[in-house]
Every structure is written in structure tokens, then in C-alpha cells.
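**Q** Read in order, the letters of the sequence shown are residues 68 to 387 in our numbering.
Ideal Cβ placement from N, Cα and C applies to all residues, glycine included.
Below is one structure. I have some questions about it.
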Amino acid sequence: MQNRKLNAVSSPSPKLPVIVIVGPTASGKTTIAIELANRIQAEIISADSRQFYQMLDIGTAKPGPEELARAIHHFIDFLPPSAEYSAGAFARDARARIAELQQSKNLIVAGGSGMYITALLDGFFAPIARDKALQNKLKVRAEREGSEVLYAELQAVDPERAAELHPNDTHRIVRALEVCYVTGKRISTLRSQPRVPADFQFKVFGLQWSRDELYVRIESRVDAMLEAGLQAEVESLLRCGVVPTANAMQTVGYREMVSFLKSECSLDEAVEKIKQHSRNYAKRQMTWFRKDTRICWLEVNEANFAEIPHAILEFFKITA
């Protein structure tokens with residue numbers, strides 16, 4: 068599995084538990100993780116499920132070359148955009164990578180994909196075999212009737228899982244319905260089954276912004292993505308044969324741009340949808356993370372942002 072490399076540096080740092088940094092989109096997780104990694108000579112495990120995919124760079128706010136040169140990153144750019152990759156698979160692979168590295172390295176897990184982080188730390192329920200025939204039937208229904216119809220169906224059979232998803236996230240809606248119909252159980256019920264927790268020590272820190280400040284950051288990020296060439300990136304993916312229904316293309320920013328390119332909406336409408344859907348996604352992320360009482364929440368604002376790595380190190384009584 069591919070990971071980013073750079074030259075080893077400097078003196079040894081105290082051995083720490085795995086540091087986990089979570090928070091909503093645009094909260095600064097990557098910036099803080101890289102700064103922290105430099106202070107304690109750590110490597111970063113990305114837990115952003117959209118940054119796993121190659122070619123999805125601008126719309127996922129993937130670390131750029133300069134950022135990747137500052138710290139070794141794992142689980143960035145290791146999947147083709149047409150691939151499917153589950154939270155359970157990530158938990159398995161990331162645990163193996165952590166076991167390989169933790170004896171000699173400090174490690175930081177950073178990301179906003181709540182289910183993937185929970186799977187890593189707490190384990191995941193046994194994988195459910197896929198029913199391709201049912202899956203295809205549900206996908207055809209989504210194309211003919213619209214994803215909103217399937218979303219309403221999911222709300223009826225598994226309201227807890229539905230509340231975590233966007234009504235246009237066809238891939239995950241189909242999977243949740245498939246699990247319900249194959250097993251007769253909700254995903255939310257399966258999650259409550261006994262699981263194998265991580266066998267490494269960890270400490271989770273959450274980045275908490277005021278809603279108004281976070282929304283300003285989201286708006287600025289979306290504007291920057293458009294200026295950086297998000298439309299051209301989506302056009303390139305489509306030219307390379309990545310279908311709009313691929314899991315990767317359900318990412319906020321990509322599906323709205325596909326709608327624009329299919330003349331289903333204007334560019335201004337697509338941009339406004341990206342901003343609104345990003346705000347909605349941030350709400351869902353915070354709803355997920357607030358359920359985890361282990362998280363040490365750090366109140367963040369533009370004035371104290373640069374001090375957050377220091378605040379995390381102070382927790383471990385480290386000055387760096």
C-alpha cells in the first residue's frame with residue numbers, strides 16, 4: 068500500500084500514545100497534524116476516506132506536495148477512483164500499519180470520517196457479504212426514481228443510519244438498504260455487536276469551532292477549490308472513465324459539479340449546493356463525534372489556531 072516518504076530528521080521524541088485528531092470539514096486537521104508531526108517526529112495516518120482516492124485532489128483538500136514533504140503520510144492516494152473501500156477494510160489495514168510502525172515511531176491519525184475512525188479504534192462488525200443482484204436492483208431504482216426515494220426508504224427501515232447520510236449519497240444509501248434486506252438488521256443494530264477494540268493506546272482530540280467561524284472557513288475553502296480548478300478536475304475524472312455513480316464521485320463537490328456538467332444546474336447553483344452540502348456534512352460529522360465521550364475537545368478560533376499543537380503537547384506534558 069502506497070505511502071508518502073521524506074527524509075528522516077532530527078533528534079528522538081518521547082514515545083506517545085497514538086494521537087487522533089478529529090473534527091468537521093475545514094477545521095484544520097491536516098495543518099495541525101503536520102505541525103504536530105514535525106514537533107514530535109511523527110508519521111500521519113490519514114483517516115479521510117476521500118483522500119484515499121487518486122485524482123481526487125482539489126475537491127478533497129488533499130495535502131499538497133509541500134505539505135506531504137513536511138511529514139510522512141499513509142493512506143493517501145492509494146486507491147483508484149473507481150475502487151470501493153469500506154470502513155472495515157480501513158480498520159484492518161490501518162491497524163496493521165500502526166502495528167508495523169508504532170514500536171519505533173510516534174503516530175498521528177487525522178481525519179473527519181467518523182465511521183472509519185470508530186472502526187479503527189473500536190473495531191467493526193463482521194463484514195456482510197454483498198448481494199450483487201440486490202445491489203444492482205437498488206442502483207437501477209436510484210437512477211430511475213432518484214436517490215431521494217431510496218433515502219426515504221432508508222429513513223423508514225434504519226433512521227439512525229439515514230441521519231448520518233446525505234440524501235444524494237447513493238452508494239452508502241444502497242449499501243445500508245442492502246445490509247438491512249440481506250440480514251434483516253439495521254447497520255445501527257449491527258454496530259452494537261461485540262467488536263475487537265484497538266490493541267494500541269490512543270488519545271483523541273477534537274477541533275471545535277463556533278458554527279459561524281466554521282461556516283466562513285467552509286465558504287472560503289469552496290471558493291479556493293473553484294479557483295484551483297475543481298471543474299477541470301471533475302472533467303478529467305469523467306474523461307478517464309470514472310462513472311458519476313462511483314463511490315468516490317459521491318464526494319461533496321464532485322457530485323454537484325457533475326450535475327453542472329450534465330446541464331442539470333448552473334455553475335452558481337452548483338457552487339451554492341457545494342457550500343450548503345459542506346455545511347450539512349460538517350453538522351453530521353459533529354453529531355457523530357459528539358457521541359464519543361473519549362474526545363478531548365479543543366475550542367479553536369482564528370486567533371488561537373497556531374497554538375493548538377502546543378495545547379495537545381501540553382496534555383502529555385511536552386514542550387516542543
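Pair every Cβ in the segment 123-135 with every Cβ in the segment 293-308, then say whether three or more of these pairs are closer than 8 Å.
**A** The segment 123-135 is in contact with the segment 293-308.
**Q** Taking all protein chains shown into account, do 16 or more other C-beta atoms lie within 10 angstroms of the C-beta of D335, making it buried, or fewer, making it exposed?
**A** It is exposed - the Cβ of D335 has fewer than 16 other Cβ atoms within 10 Å.
**Q** What is the DSSP secondary structure of N347, reduced to helix, strand or coil?
**A** Looking at N347 - three-state DSSP - the assignment turns out to be helix.
**Q** Which value, in whole angstroms, describes the spacing of the CA atoms of D160 and I107?
**A** If you take the alpha carbons of D160 and I107, they lie about 24 Å apart.
**Q** Around the C-beta of A75, are 16 or more other C-beta atoms found within 10 angstroms, so that it is buried, or is it exposed?
**A** Because the pLDDT of A75 is 40, which lies under 50, any placement of that residue in the model is unreliable, and the number read from its coordinates should be weighed accordingly. Exposed, since its Cβ has fewer than 16 Cβ neighbours within 10 Å.
**Q** Identify which residue in E323, R357, A156 and I385 has its Cα closest to the Cα of H233.
**A** Considering only alpha carbons, the answer is E323.
**Q** For G251, count neighbouring Cβ atoms within 10 angstroms of its own Cβ and tell me buried if that reaches 16, exposed if not.
**A** Exposed: under 16 other Cβ atoms inside 10 Å.
**Q** Use the C-beta contact count for C363: other C-beta atoms within 10 angstroms, 16 or more gives buried, fewer gives exposed.
**A** C363 should be labelled exposed.
**Q** Would you report the Cα separation of S391 and S330, rounded to the nearest angstrom?
**A** Lying before the first or after the last residue shown, residue 391 is absent from the chain, which here runs from 68 to 387.
**Q** Where do the N-terminal and C-terminal ends of the beta strand (DSSP E) with Q222 fall, by residue?
**A** Here Q222 belongs to no beta strand (DSSP E); instead the alpha helix (DSSP H) covers S214 to V224.
**Q** Quick one: using the 10 Å Cβ neighbour count with 16 as the cut-off for buried, is F191 buried or exposed?
**A** F191 is buried by the Cβ-count criterion.
**Q** Can the beta-carbon of I175 be found less than 8 Å from the beta-carbon of L274?
**A** No; because the gap between Cβ atoms is not below 8 Å, this pair is not in contact.
**Q** Can you tell me whether P264 is buried or exposed? The criterion is at least 16 other CB atoms within 10 Å of its CB, across all chains shown.
**A** The residue is exposed, with fewer than 16 neighbouring Cβ atoms inside 10 Å.
**Q** What did DSSP end up calling S116 once you bin it into helix, strand or coil?
**A** Residue state, collapsed to three classes: coil.
**Q** If we require 4 or more residues per run, which alpha helix (DSSP H) segments fall completely within the segment 314-380?
**A** Listed in chain order, they are 321-328 and 334-357.
**Q** How about K254 and A177: are their beta carbons less than 8 Å apart?
**A** This sequence places Ile at residue 254; Lys is not what is there. The answer is no: Cβ separation not under 8 Å.
**Q** By alpha-carbon positions, which one of D359, F382, G296 and H140 ends up nearest to M122?
**A** The candidate whose alpha carbon is nearest that of M122 is G296.
**Q** Between which residues of its own chain and M292 is the CB-CB distance below 7 Å, once the five residues before and five after are set aside?
**A** Once the five neighbours on either side are set aside, the close Cβ partners of M292 are I125, G126 and G320.
**Q** Output yes or no for whether 8 Å exceeds the beta carbon distance between P311 and V289.
**A** Not in contact: P311 and V289 (Cβ atoms no closer than 8 Å).
**Q** Would you tell me roughly how many angstroms separate the C-alpha atoms of A378 and V85, rounded to the nearest one?
**A** Their Cα atoms are separated by approximately 16 Å.
**Q** Cα separation between Q352 and R306?
**A** Cα to Cα, the separation comes out at about 32 Å.
**Q** Below 8 Å, can you find three or more Cβ-Cβ pairs linking the segment 234-247 to the segment 203-221?
**A** Taking 8 Å as the limit for Cβ pairs, the verdict is that the segment 203-221 does touch the segment 234-247.
**Q** Taking 8 Å as the threshold (C-beta atoms), are V367 and W276 in contact?
**A** Contact flag set, yes.
**Q** Would K199 pass as a contact of I285 if the rule is Cβ separation under 8 Å?
**A** Taking 8 Å as the Cβ cut-off, K199 and I285 do not qualify as a contacting pair.
**Q** According to the Cβ coordinates, are S287 and T92 closer than 8 Å?
**A** Taking 8 Å as the Cβ cut-off, S287 and T92 do not qualify as a contacting pair.
**Q** Report back the beta-carbon spacing between I375 and F267 to the nearest angstrom; my notes put them in contact at under 8 Å.
**A** Contact doesn't hold; Cβ gap of about 23 Å is too wide.
**Q** In whole angstroms, what separates the C-alpha of T185 from that of K204?
**A** Between T185 and K204, the C-alpha separation is close to 30 Å.
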